[in-house]
Amino acid sequence: MTKTDLLIIGAGPAGCSAAIYAARAGVKPLVAGGAVPGGQLLQTSEIENYAGFVNPIGGYELMDNMHKQCKRLGVEFTTDEIARIQGDKTPFTVTTTDGKQYQALSIVIATGSKARWLGLPEEEKLRGKGISACATCDGFFMRGKKVCVIGGGNTAFEDALFLSQFCPEVNLVHRRDAFRADKITVEQVKNNPKIKLVLNSVPVQVLGRDMVEGLKVKNVQTNEETVIPCGGVFVAIGADPQTSFLKDSLVALADNGLVLVDEKNHTTVNGIFAAGDCADKHFRQAIIAAGNGAKAGIEAAAFVNLHRGKI
Ligand code: NAP
Numbered sequence: 179m180t181k182t183d184l185l186i187i188g189a190g191p192a193g194c195s196a197a198i199y200a201a202r203a204g205v206k207p208l209v210a211g212g213a214v215p216g217g218q219l220l221q222t223s224e225i226e227n228y229a230g231f232v233n234p235i236g237g238y239e240l241m242d243n244m245h246k247q248c249k250r251l252g253v254e255f256t257t258d259e260i261a262r263i264q265g266d267k268t269p270f271t272v273t274t275t276d277g278k279q280y281q282a283l284s285i286v287i288a289t290g291s292k293a294r295w296l297g298l299p300e301e302e303k304l305r306g307k308g309i310s311a312c313a314t315c316d317g318f319f320m321r322g323k324k325v326c327v328i329g330g331g332n333t334a335f336e337d338a339l340f341l342s343q344f345c346p347e348v349n350l351v352h353r354r355d356a357f358r359a360d361k362i363t364v365e366q367v368k369n370n371p372k373i374k375l376v377l378n379s380v381p382v383q384v385l386g387r388d389m390v391e392g393l394k395v396k397n398v399q400t401n402e403e404t405v406i407p408c409g410g411v412f413v414a415i416g417a418d419p420q421t422s423f424l425k426d427s428l429v430a431l432a433d434n435g436l437v438l439v440d441e442k443n444h445t446t447v448n449g450i451f452a453a454g455d456c457a458d459k460h461f462r463q464a465i466i467a468a469g470n471g472a473k474a475g476i477e478a479a480a481f482v483n484l485h486r487g488k489i
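If you're matching positions, the sequence shown starts at 179 in our numbering and goes up one per residue.
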């Protein structure tokens, strides 16, 4: 069993920020970031609202910078995926999906959230063949094709803007006529001649046998169904917290799966902290994840310094 003072689960902005603060408080964290460390920011094309950058910065670049900053401070990373946390007090036993075990004095949970899917039967069949939940990753394959984006939040609006750079027509399909996306982004979309708003409409079927050929949508006010010919459908309808690995632990979750934390990012188990989208009901912003990660890192470092030597 590998022993570590502080195990941070997740290598997005919350996990990295926790690691940076803990490292600077004299603790050597180990960050378990999974096979592709970096979280949802890796799928974000441009970020314009992360303070400190005059011009928009790419999500990948921002995460890469955070990982390099962590490494400069002595933080170690592992690609382990965590399956289980056991114990009601320090030290905790943590098991990975391939059966490896860690003993940790303290833990920060910063596992973020995972994209939601519509639940249409074709979604499974045509995933990777024109259906995607990541415009940044798969948009390139849609060059020159008409596409649809589903959703009315920032992700959908930013995806639509991103795709409009290389797709001749982007249909933004939203179930209402009011948006969650912020005003500035909504205005950018409305002023973009390549983006068509298809409002009060829900997807009912993705057409195509081997590749996406169109999207059938239903107007929820008139019940009229229409087909939008397109080669790609990008689903951007929000995300769910990645906390199912905690279901058998003593870390309490809310009904929606979010980790319950207090104002100092303590969970219900003394010595286990949580931050970022896995514990954020309201904001789900990279900068807020980083801020709360810092709080969790400070608290975890204080906890480790108090219990040092127990493993
Ligand atoms: P979101 O804000 O929760 O928006 C999800 C959208 O999908 C909503 O418009 C919702 O419609 C729609 N939707 C949900 N389930 C649906 C379904 N089954 N069928 C059809 N439509 C459905 O999610 P998000 O856009 O991924 O954003 C998540 C968080 O990250 C937000 O806090 C957002 O501000 C933030 N974010 C920020 C940035 C940025 O600041 N640069 C970029 C991306 C995301 P209703 O509106 O009708 O509920």
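A virtual CB, placed ideally from N, CA and C, is assigned to each residue, including glycine.
Which of helix, strand or coil DSSP assigns to residue i
i, result
"glutamate 391", "coil"
"leucine 185", "strand"
"lysine 303", "helix"
"serine 422", "helix"
"threonine 275", "coil"
"leucine 431", "strand"
"glutamate 441", "coil"
"leucine 375", "strand"
"threonine 400", "coil"
"threonine 446", "coil"
"threonine 268", "coil"
First through last residue of the alpha helix (DSSP H) which encompasses residue i
i, result
"isoleucine 466", "464–485"
"glutamate 365", "361–368"
"serine 195", "191–202"
"phenylalanine 344", "No alpha helix (DSSP H) contains phenylalanine 344, which DSSP labels as neither H nor E."
"alanine 356", "Note, alanine 356: premise wrong, no alpha helix (DSSP H); not H, not E."
Residue i, enclosing beta strand (DSSP E) - first and last residue
i, result
"cysteine 326", "325–328"
"tyrosine 280", "279–287"
"glycine 410", "410–413"
"asparagine 349", "348–351"
"aspartate 418", "417–419"
"asparagine 452", "Position check: residue 452 holds alanine in this sequence, whereas asparagine was assumed. Looking at the DSSP string, the run of the beta strand (DSSP E) that includes alanine 452 is 450–452."
"threonine 314", "From DSSP, threonine 314 is part of no beta strand (DSSP E) but of the alpha helix (DSSP H) over 313–316."
"serine 427", "Element bounds for serine 427: n/a, residue is neither H nor E."
"alanine 457", "Neither: alanine 457 is in no beta strand (DSSP E) and is coded neither H nor E."
"threonine 404", "403–407"
"valine 209", "207–210"
"proline 381", "379–385"
"alanine 293", "291–293"
Span separating the alpha-carbon of residue i from that of residue j
i, j, result
"phenylalanine 231", "lysine 181", "38 Å"
"threonine 257", "glycine 211", "5 Å"
"aspartate 337", "aspartate 276", "35 Å"
"alanine 472", "alanine 200", "8 Å"
"leucine 484", "leucine 220", "35 Å"
"isoleucine 465", "alanine 229", "8 Å"
"isoleucine 362", "phenylalanine 412", "21 Å"
"phenylalanine 344", "cysteine 326", "13 Å"
"valine 142", "histidine 460", "Residue 142 lies beyond the residue range present for the chain, which begins at 179 and ends at 489; the question has no answer from this structure."
"arginine 202", "leucine 385", "53 Å"
"valine 351", "phenylalanine 319", "20 Å"
"glycine 237", "glutamate 224", "6 Å"
"arginine 262", "valine 482", "21 Å"
"glycine 463", "lysine 292", "It is glutamine, not glycine, that sits at residue 463 in the sequence shown. So the alpha carbons of these two residues sit roughly 14 Å apart."
"glutamate 403", "valine 382", "9 Å"
Beta-carbon proximity list for residue i, same chain, < 8 Å, skipping 5 on both sides
i, result
"lysine 249", "Phe255"
"leucine 279", "The sequence as given places glutamine at residue 279; leucine does not occur at that position. Taken in chain order, the residues that qualify are Met179, Thr180, Thr271, Val272, Thr273."
"alanine 196", "Ile186, Pro207, Val286, Ala288, Phe451, Ala453, Gly471, Ala472, Ala474, Gly475, Ala478"
"aspartate 266", "Leu428, Val447"
"leucine 436", "Pro419, Thr421, Cys456, Ala457, Asp458, Lys459"
Same chain only: Cβ atoms within 7 Å of residue i, ignoring 5 sequence neighbours per side
i, result
"leucine 438", "Ala430, Leu431, Ala432, Thr445, Thr446"
"lysine 324", "Cys345, Pro346, Glu347, Pro407, Cys408, Gly409"
"lysine 307", "Asp388, Met389, Val390"
"threonine 268", "Leu283, Ser284, Gly449, His485, Lys488"
"methionine 490", "The requested residue 490 is not part of the displayed model; the chain covers only 179 to 489."
"cysteine 315", "Gln221"
Chain-order list of residues whose beta-carbon lies under 6 Å from that of residue i (same chain, five-residue window excluded)
i, result
"glycine 331", "Arg358, Ala359"
"cysteine 312", "Gln221"
"valine 205", "Asp183, Leu184, Ala479, Val482"
"serine 310", "Asp316, Phe412"
Runs of 3 residues minimum, wholly inside the stretch 220–264: which ones carry the beta strand (DSSP E) assignment?
254–256, 260–264
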